[in-house]
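The block underneath contains the structure these notes are about, expressed in structure tokens.
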Amino acid sequence: MWRRGLRRRWLWRLRRVRRMTAGALGPAVGIGWRPEIDLTIERLPGVEFMEVIAEGIRPGALPESLVAVRGRGIPVVPHGISLSLGGAERPESARLKHLGDCAVALGAPLVSEHIAFVRAGDREAGHLLPVPRSRAALDVVVANVRNAQDALPVPLALEHVASVVSWPDDEFTEAQFLREIIERTGAHLLLDVANLYTSAVNFGADPLAALDTLPLDRIAYVHVAGGALRDGVWHDTHTADVAEPILELLAELARRTEVPAVMLERDGAYPAPSVLSRELAAIRAAAGRVGDDAVRPWAAGLDRLPGRVAAEPSDITRRALATAEDSLLQALLGLSGPPPGFDEHRVAVAGAALAHKRAHTHTKMGLRAKLREKFAHKPTSGV
């Protein structure tokens with residue numbers, strides 16, 4: 001009940017101060033490229049940049065529609081989901097090379113990834129899982145991010161994840177943890193306002209306080225997406241229209257800072273093109289976009305700040321994080337009970353959602369492989 005009361009209070013505060021302001025024309029507006037609706041996305045009016053899941057493409061055989069999009073001068077950002085920057089192990093060189101190769105093939109101004117772990121104890125989660133917000137875990141994440149930055153040919157933006165479960169005894173708020181990572185690494189921020197809303201609903205976090213804390217001047221771009229309330233928690237499904245409170249958070253963000261770009265994520269239950277166009281129009285309005293002239297984000301380029309010097313975490317620190325994350329993953333996979341301090345109901349709900357996600361991803365990746373084979377752009381060699 002108190003969480004609902006807190007949500008009402010921050011919504012009231014947000015609506016009270018809401019006003020539309022933006023630098024110049026306002027942010028560029030984009031959408032996530034998905035092979036299931038690639039032609040729809042390619043033909044949507046007013047799309048000024050795109051993001052593509054890096055693990056879903058091959059740099060040497062880009063899908064025809066992505067080639068067409070790039071041919072029109074629309075930036076495309078590779079978005080990684082498998083580096084496991086929040087994991088105990090250092091990012092794998094092969095995965096880093098793939099992400100970097102995607103950036104080169106697309107002529108991308110940056111790449112993005114998540115502060116999350118996706119594998120532990122030789123087990124793949126098949127989903128982005130939250131990292132314990134401890135000082136020890138922070139040191140590991142910072143080292144992993146720096147390792148990734150050194151291997152990538154373009155700047156890196158980091159995204160926080162939506163979650164159903166929270167770690168006990170966190171030492172930082174979500175915003176404090178993100179700020180520390182950004183400041184220590186000099187990385188950019190991929191701010192997901194839908195994930196801020198998820199934290200507000202599921203954990204009683206105040207998204208306005210988060211905006212007060214986050215380094216808004218380091219935002220590379222912003223995500224918005226729809227979700228659903230199930231089993232008493234908010235799931236960031238990317239399969240529904242963007243809820244009004246999320247649009248209001250976007251408006252508040254645009255009031256506070258000049259946002260370079262805002263992007264809609266949609267990963268299923270794809271609506272008609274006219275509905276997608278209305279969604280983009282709602283995002284454009286909430287972000288304070290004015291006029292119809294095309295806006296291209298990152299025209300001035302992006303930089304990597306030097307960050308702060310930090311010692312490499314010890315093997316003991318990495319092993320302790322590995323043990324903790326493996327315990328949570330085993331519980332979510334139904335291989336063991338919840339680790340001490342975790343909410344049993346939330347672990348059960350998250351485990352069910354993870355099982356659904358893994359099954360859905362397996363089916364979708366099979367379809368995407370077939371689509372890549374059928375529609376991949378095959379460069380012709382000179383004679």
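Residues in the sequence shown are numbered from 1 upward in steps of one, following full-length UniProt numbering. The C-beta atom is built at its ideal place from N, Cα and C for all residues, glycine as well. Keep in mind the model is a prediction, meaning the values are calculated, not measured.
Can you list, in chain order, the residues of its chain whose CB lies under 8 Å from that of residue i, leaving out five sequence neighbours each side?
i	result
Ala210	Thr173, Glu174, Ala175, Leu196, Ser199
Leu110	Val77, Ala103, Val154, Pro155, Leu156, Ala157, His188, Ala220, Trp298, Leu302
Arg319	Ala88
Gly100	Val111, Ala151, Leu152, Pro153, Val154
Can you name the start and end residues of the alpha helix (DSSP H) that residue i belongs to?
i	result
Val140	135 to 151
Gly100	93 to 106
Ser336	No alpha helix (DSSP H) holds Ser336; DSSP gives it neither H nor E.
Val275	273 to 286
Val201	193 to 203
Val69	64 to 71
Measure the Cβ-Cβ separation of residue i and residue j and say whether it is below 8 Å.
i	j	result
Ala194	Asp231	no
Gly32	Glu51	yes
Pro130	Ser163	yes
residue 384	Leu44	Not covered by the structure: residue 384. The range shown for the chain is 1 to 383.
Asp212	His238	no
Asp140	Pro339	The sequence as given places Val at residue 140; Asp does not occur at that position. For Val140 and Pro339, no; Cβs fall outside 8 Å.
Ser112	Leu190	yes
Pro260	Ala28	yes
Gln149	Arg278	no
residue 403	Gly30	The structure shown does not extend to residue 403, since the chain is modelled only from 1 to 383, so the question has no answer here.
Arg179	Pro215	yes
Ala94	Leu354	no
Ala269	Ala240	yes
Identify, in the order they occur along the chain, each residue of the same chain with its Cβ nearer than 6 Å to the Cβ of residue i, setting aside the five sequence neighbours on each side.
i	result
Gly307	Arg184, Thr185, Gly186
Asp170	Arg133
Gln330	Ser336
Trp167	Pro132
Leu346	Sequence check: residue 346 is Arg here, not Leu. Same-chain partners within the cutoff: Val164, Val165.
If I'm right that residue i touches residue j with Cβ under 8 Å, what's the distance once you round it to whole angstroms?
i	j	result
Ile181	Val142	6 Å
Gly80	Ala120	Their Cβ separation, rounded to whole angstroms, is 18 Å, which puts Gly80 and Ala120 out of contact at 8 Å.
Val290	Gly26	6 Å
Gly107	Arg58	That pair is no contact at about 16 Å.
Val349	Val233	6 Å
Ala282	Leu247	6 Å
For the beta strand (DSSP E) that contains residue i, what are its first and last residues?
i	result
Ser112	111 to 114
Arg308	Unbroken run through Arg308: none, as it is neither H nor E.
Arg123	123 to 129
Tyr221	219 to 224
Gly32	28 to 33
Ile37	Taken as a continuous stretch (DSSP letters only), Ile37 belongs to no beta strand (DSSP E), as it is neither H nor E.
Ile53	49 to 53
Whose C-beta lies closer than 7 Å to the C-beta of residue i among residues of the same chain, with five residues either side of it excluded?
i	result
Arg135	Glu171
Gly46	Val29, Leu280
Phe203	Ser166
Ala137	Val131, Leu321
Asn147	Arg90, Pro91
Gly86	Ile115, Ala116, Phe117, Val131, Val141
Count the C-beta pairs between the region 127 to 143 and the region 314 to 328 that are closer than 8 Å, then say yes if the count reaches three, no if not.
-> Taking 8 Å as the limit for Cβ pairs, the verdict is that the region 314 to 328 does touch the region 127 to 143.
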